[in-house]
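Numbering (the working numbering), first residue to last: 775 to 1377. By construction, the Cβ of each residue, glycine as well, lies at the ideal position given by its N, Cα and C atoms. Beneath this line is the structure, given in C-alpha cells, with notes to follow.
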C-alpha cells in the first residue's frame, strides 16, 4: 500500500458518541463504502475484535483503520479513522484517540437525542481543538425527530447543527455524505515531512509473534524500516523492524510520513517499556522536545481477586501478567487474606472495567475467581504525620491513631426522563449527594450532582437503571477529596474477623450495611455442632448480630422414664462439650458465601 498521499489529502478523525448510538455500525459502513475490505470478509462490528465486545455490543479498546476514498471531485484521500469506546470507564481510551486526530464525527441517535456520554465525549473533542461534524443516526426509525435533536445539540452543546448529516448506519443511507463532509469540512493535519522524526505514542499492546506493537501518530518527518529510534520518557533505543497501517488487518508499508497514523514493531519485549503519550524521535536527534502527552489512566476502584482453589494462585499471577500486556490501565499487586488465602489487589478505572477484566480472566484463562467488595482510595490522616493512601479496608490503622479520613467525590451528570426525576433525586439524596444544577433538555431533565465515589461503586448504576426503566444515562468525572465521617465496618464469624468482608462506610449507613451482611451470612454459613455468632462491629462496638443455631444430637433418646436428674446430667454434659467446641472450633466459610454476601448492594 502506497503512503505517498500529500499531507493536504490526509484526514485523521474519531467517531465519538454515547453508548449504543451507532459508532461501530457507522465505522462498518465507512469500511464497506470505501471498499477497504472484500465483501466476503465483512461482518458486524468489524473493529470490535474481542468476543466480549461483540457479545455486550460495546467497544472497549479504541481501534484504528485506514480508508482510501475517491471523492466526488475525483481527488483521492487517505482517511485515518479511530473508533472509540462510549462507556465512562474507558474515557481514557477516548482522550488518547482524540489527541491523534484533528476532527471528530459526533454521532447522535435521532430518536434518543443528546445523552450524558455524548456531552462528556464532545467536550473531550473540543478540549483537543477538534472540528466537529454532527451526524444524526437512525433517521429511518419511526421515533426519529431530527429537528428536535438538532435543536438539542445547539442548546446543550452549543454546536451549529443545522447542516448535520442525516444517516442510517444500519442501511447505509447518507454514508457517502459523511465521507464528503470528512473530506471537505475537516482540516488536514499539519507537519513537515523534511524535518527530523517526531511521533506521538498513542497505544501499545503485546503480540505473541511480533512483540510489542506500537500505534503512533507521526507529527514531523518520516518513520521507516531499519531506522533507529528513541523514546524520550523511557530513554529506550530500538531498531524499527516493521512499519505499517491497519486496514483493518495489519498491512506492512515502507514508511509512515508526517500526518499519518500507523504502527511499528522493534522487538520490544515489555509493554511497560512504552509509555502512552511518549515522544518518539530519531536516535541521533539530541534536540528532540516532548510533545504534549496525555494524562495517565488512574485507577479509582480497587478489589481483591482470589482463586477459588488456592493451588491456582500461580496461574492467576501468569494470567494477570499476560492480560496486563494488552491492557496496561489496570494495576495489581499480591496480597493475602486470612479467609481467602493468596490473591491480588487490583485497581480498575470503574466497575464495568472490573467486570470486564474479571470476565476475561474467567473466559480466556479458565479461572474460577472470588472478588472482594469494591473499594475506593481513601486518604488517611494520622497523628503520626504524613497522610497515606488506603486501598484495602483491612489495612486501616487503629481508630485512635486517625485524625480524619478524606474520601474521593465525583461530579456526575445524569439525563433522565421527567417522570423519573423524583426517584432520581431521592436516590442521589440517599447517597449523600449535593445538587449543583437542574436544567431541561427537551422533555428530559439534566441533573448535575456531586457524590461520594464509595456510594456509587456498590450498585448506584443498577439502581439508576431500574428506577428509570433503563432510560437514564450517567457520566461522571473525578472532582476532589473531602473529609468524611467514615468508619471501618468489620465482620466477625465466631469471634474471628473476616478481612475479605470488611469495608469502609459512612457512619450513618454502616449499621444498616452491617445488618444486611449478617442476615445474608446467616443463611449462607452451614450449621455446625455448636452455635456460630455472626457480628458486625465498628471499632469495639458490635452493631449487628445473627446466630446460626447448633445442630443437636438427642442425647436423652436412650433414657426410658426413670429419674429426671439423669437426663439433666446428660444435657449438661452436652452443653459443656458444645461450649468447648465453640471455643476451639473453626468455622469454614464456603466460597459461595463470600460471593453472595458481597453482592449485597443496598437491599
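* Asked: If you check the beta carbons only, do residue 804 and residue 949 fall under 8 Å apart?
  -> For residue 804 and residue 949, yes; Cβs fall inside 8 Å.
**OP:** Compare the beta carbon distance of residue 979 and residue 990 with 8 Å and say whether it is the shorter of the two.
**Re:** no
>> I'd like to know if the region 1244-1260 and the region 883-897 are in contact, where contact means that at least 3 CB-CB pairs between them fall below 8 Å.
In response: yes
| task | Taking 8 Å as the cut-off, decide whether the C-beta atoms of residue 1184 and residue 1227 are in contact. | result | yes
Is residue 1055 closer than 8 Å to residue 970 when the C-beta atoms are compared? yes
Item to check | Proximity winner among 985, 1031, 1050 and 896, relative to residue 1007 (alpha-carbon distances) | outcome: 1050
TODO: Indicate the three-state DSSP secondary structure (helix, strand or coil) for residue 1056 in the structure shown.
DONE: strand
Q. Around the Cβ of residue 854, are there at least 16 other Cβ atoms within 10 angstroms (buried) or fewer (exposed)?
A. buried
Would you mind giving the Cβ-Cβ distance between residue 881 and residue 800, rounded to the nearest angstrom? I have them listed as a contact below 8 Å. 6 Å between Cβ atoms; contact.
Mapping DSSP to helix, strand and coil, what is residue 1234?
-> Here residue 1234 sits in helix by DSSP.
Mind checking residue 1381: buried by the 16 CB within 10 Å criterion, or exposed? Summary: the structure shown does not reach residue 1381, with the chain confined to residues 775 through 1377, and so no result is reported for it.
| Euclidean distance between Cα positions of residue 839 and residue 870 | 15 Å
- Message: For residue 1309, list the residues DSSP reports as bridge partners.
- Response: 1266 and 1319
(Q) Closer than 7 Å to a non-hydrogen atom of the ligand FMN - does that hold for the CB of residue 1338? (A) Ligands in the displayed structure: none, and consequently the ligand FMN is not present.
request  = Would you be able to state if there are at least three C-beta pairs under 8 Å between the region 784-793 and the region 890-898?
outcome  = yes
query = Do residue 1114 and residue 1274 come within 8 Å of each other at the CB atom, strictly closer than that value?
reply = yes
Give the single residue among 1059, 1101 and 1071 whose Cα lies nearest to the Cα of residue 1044. The shortest Cα separation from residue 1044 among 1059, 1101 and 1071 belongs to 1101.
request  = Could you tell me which of 797, 1176, 1172 and 1167 sits nearest to residue 1160, measuring between CA atoms?
outcome  = 1176
* In whole angstroms, what separates the C-alpha of residue 1313 from that of residue 1179? -> 15 Å
(Q) Here's the rule I'm using: 16 or more other beta-carbon atoms within 10 Å means buried, otherwise exposed. How should residue 1338 be labelled? (A) When all chains shown are included, residue 1338 counts as exposed.
Beta-carbon gap between residue 878 and residue 788 smaller than 8 Å:
yes
### Message
Could you pull the DSSP bridge partners for residue 1050 from this structure?
### Response
In DSSP, residue 1050 forms no bridge with anything.
Open item on the list: Is the beta carbon of residue 1079 closer than 8 Å to that of residue 1173?
Closed with: no
Requested in this report: Inspect the beta-carbon positions of residue 1263 and residue 1280 and report whether they are closer than 8 Å.
Outcome: no
task = May I have the straight-line CA-CA distance separating residue 1250 from residue 1029, to the nearest angstrom?
result = 41 Å
* To do: Verify the CB distance criterion: does residue 1004 have a CB-CB separation below 8 Å to chain B?
  => Judged by its chain identifiers, the structure shown contains no chain B, having just a single protein chain.
Under 8 Å between C-beta atoms of residue 927 and residue 935
Yes, these two residues count as a Cβ contact at 8 Å.
If the criterion is Cβ atoms closer than 8 Å, does the pair residue 1230 and residue 1148 meet it?
no
*Beta-carbon proximity list for residue 929, same chain, < 6 Å, skipping 5 on both sides*: none
* Status (buried if at least 16 other CB within 10 Å, exposed otherwise) for residue 827 -> Low local confidence applies: a pLDDT of 42 at residue 827 is under 50, so the model's placement there is unreliable, and no value is given.
- Can you tell me where the alpha helix (DSSP H) with residue 1177 in it begins and where it stops? Taken as a continuous stretch (DSSP letters only), residue 1177 belongs to no alpha helix (DSSP H), being part of the beta strand (DSSP E) at 1176-1191.
If I follow the unbroken alpha helix (DSSP H) through residue 1081, where does it start and stop? Careful: residue 1081 lies outside any alpha helix (DSSP H), inside the beta strand (DSSP E) at 1075-1081.
- Cβ-Cβ distance between residue 1036 and residue 994 below 8 Å: no
Review point. When you compare each of 1210, 1052 and 872 to residue 1063 by their alpha carbons, which one comes out closest?
Key: For residue 1063, the closest alpha carbon among the candidates 1210, 1052 and 872 is that of 1052.
inquiry  = Helix, strand or coil, according to DSSP, for residue 1040 in the structure here?
reply    = coil
Residues of its chain near residue 1166, where Cβ-Cβ distance is below 8 Å and the 5 sequence neighbours each way are ignored:
1076, 1078, 1109, 1119 and 1149
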